[in-house]
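Participant: Residue 19 in the UniProt record's numbering sits at position 19 of the sequence shown, with consecutive numbering throughout.
Even for Gly, the Cβ is constructed at its ideal location relative to N, Cα and C.
Just so you know, these numbers come straight off a predicted model, no measurement behind them.
Below is a structure I'd like to ask you about.
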Amino acid sequence: MFGAVDNSHSCFLLSSQADQLTEEQIAEFKEAFSLFDKDGDGTITTKELGTVMRSLGQNPTEAELQDMINEVDEMIREADIDGDGQVNYEEFVQMMTAK
């Protein structure tokens, strides 16, 4: 789930990736993260990610929705560094900046 980013998240990001991201990019990541974190708890669940995808105007069939859920699950597994089944802000930034 994605949520409000507190100062500890900002400090972590600024200290570990300051040479790679501009202040504008950091602000954009925070905004994007908060769009996904519907309940504001600081993490993004599969359900929240699916909700955002549907809000983008997608009207998938049940089969397409299941395929999307499977893809989202895989994305979360790949991004979930600490293995808690959710994507926190730091993991989100890592996922978004992975080359």
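Please identify the residue among Y89, E62, E24, I69 whose C-alpha is closest to the C-alpha of D41.
Facilitator: As a first step, residue 41 must be located in the sequence shown, where it is residue number 41. D41 has its Cα closest to that of Y89, out of Y89, E62, E24, I69.
Participant: Does DSSP put I81 in a helix, in a strand, or in coil?
Facilitator: As a working mapping, residue 81 is identified with position 81 in the sequence shown. DSSP places I81 in coil when its eight states are reduced to three.
Participant: Since A79 contacts M95 with CB under 8 angstroms, what's their CB separation in whole angstroms?
Facilitator: Within the sequence shown, the letter at position 79 stands for residue 79. Within the sequence shown, the letter at position 95 stands for residue 95. With a Cβ gap of about 4 angstroms, A79 and M95 count as contacting.
Participant: So which of E64, F33, L56, E62 has the shortest CA-CA distance to V87?
Facilitator: Here residue 87 refers to the residue found at position 87 of the sequence shown. Measuring from the Cα of V87, the nearest candidate turns out to be F33.
Participant: For the ligand GDP, is there a heavy atom less than 7 angstroms away from the beta-carbon of T97?
Facilitator: Judged by which ligands are present, the structure shown has none, so any question about the ligand GDP falls away.
Participant: So, helix, strand or coil for T43, using DSSP?
Facilitator: In the sequence shown, the residue the question calls residue 43 occupies position 43. DSSP places T43 in strand when its eight states are reduced to three.
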